[in-house]
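A.B. asks:
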Amino acid sequence: MATYYQKRLREKGIDAGVLSLTELPDSLIATDLYGKRSAEFELILRTVNQTDKFIFIIPEYNGSFPGVLKVFVDACDFPESFYEKKAALVGISSGKYGNIRGVDHFTGVCHYFNLHIMPLKLHIANIKSEFDADGNLFKEDTVKFTDEQIDKFIAF
Ligand SMILES: Cc1cc2nc3c(=O)[nH]c(=O)nc-3n(C[C@H](O)[C@H](O)[C@H](O)COP(=O)(O)O)c2cc1C
2 MATYYQKRLR EKGIDAGVLS LTELPDSLIA TDLYGKRSAE FELILRTVNQ
52 TDKFIFIIPE YNGSFPGVLK VFVDACDFPE SFYEKKAALV GISSGKYGNI
102 RGVDHFTGVC HYFNLHIMPL KLHIANIKSE FDADGNLFKE DTVKFTDEQI
152 DKFIAF
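Sequential numbering of the sequence shown, starting at 2, is according to my numbering.
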């Protein structure tokens, strides 16, 4: 989903990077979360701190957002990473609810550190049925709503 958003943004003239939380250093909890900055995370952090707008693609894990996402934002810098910046949120799930609750939970976390969340948030359920063989969304309503969110986010 993140690379789909990246591709649509590029088609609309915007260059965006993708950070997968699977790329976070294994040591994150032992180092960056508790005050010992690691060289590996420092590199990631430099990009985060230079970025003004974020799109979070958030899978539903046990009825909320993944714990690793909280570890990630907790390990970032305050206020340099997110304060007074902007973000859009996309919830996805293999089940029926498209991570409605997790996206709401994460909205509360973002507001705590003053990251402005765009009002149009998406919830895409049954995610395994949404992509064609080339990794593109193909259902008319999902294409329409993701495009609407991307356009609004460019203007946000
Ligand atoms: C630990 C874990 C918990 C999950 N919990 C839920 C859940 O509560 N509801 C749901 O609909 N899907 C759940 N899923 C499915 C994920 O939302 C879905 O497979 C998503 O695409 C996973 O994204 P990822 O591969 O980036 O982790 C869970 C998946 C994992 C790995």
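Glycine residues also receive a C-beta, built at the ideal position from the N, C-alpha and C atoms.
Can we say the segment 21 to 30 touches the segment 46 to 56, given the rule of at least three CB pairs closer than 8 Å?
C.D. replies: no
A.B. asks: Evaluate Asn-115 with the Cβ neighbour count: other Cβ atoms within 10 Å of its Cβ, from every protein chain shown; 16 or more gives buried, anything less gives exposed.
C.D. replies: Residue burial is scored here from C-beta neighbours: Asn-115 has fewer than 16 other C-beta atoms within 10 angstroms and is therefore classed as exposed.
A.B. asks: Below 8 Å, can you find three or more Cβ-Cβ pairs linking the segment 69 to 76 to the segment 117 to 127?
C.D. replies: no
A.B. asks: Would DSSP call Ser-65 helix, strand or coil?
C.D. replies: strand
A.B. asks: Any heavy atom of ligand 1 inside 6 Å of the beta-carbon of Ile-118?
C.D. replies: It does not: the Cβ of Ile-118 is nowhere closer than 6 Å to a heavy atom of ligand 1.
A.B. asks: Less than 8 Å between C-beta atoms, sequence neighbours within five positions excluded: which residues of the same chain meet that for Lys-148?
C.D. replies: Reading the sequence as shown, one finds Asp at residue 148 and not Lys. Result list for Asp-148: Arg-9, in chain order.
A.B. asks: Using 8 Å as the cut-off, can you tell me whether the segment 101 to 114 makes contact with the segment 76 to 87, which would need three or more C-beta pairs spanning the two stretches below that distance?
C.D. replies: Contact between the segment 101 to 114 and the segment 76 to 87 is present, because at least three Cβ pairs lie under 8 Å.
A.B. asks: Helix, strand or coil: how does DSSP classify Asn-103 here?
C.D. replies: In the sequence as presented, Asn is not what sits at residue 103; that position holds Gly. It is helical.
A.B. asks: Locate the beta strand (DSSP E) running through Leu-90, then write down its first and last residues.
C.D. replies: 87 to 93
A.B. asks: Kindly identify the DSSP beta-bridge partner or partners of His-112.
C.D. replies: For His-112, which the question treats as bridged, DSSP gives no partner whatsoever.
A.B. asks: Between Ser-94 and ligand 1, is the CB less than 6 Å from at least one heavy atom?
C.D. replies: Answer for Ser-94: yes, Cβ within range of ligand 1.
A.B. asks: When the Cβ atoms of the segment 132 to 141 are set against those of the segment 92 to 108, are three or more pairs found closer than 8 Å?
C.D. replies: no
A.B. asks: State the beta-bridge partners of Ile-118 as determined by DSSP.
C.D. replies: Ala-88
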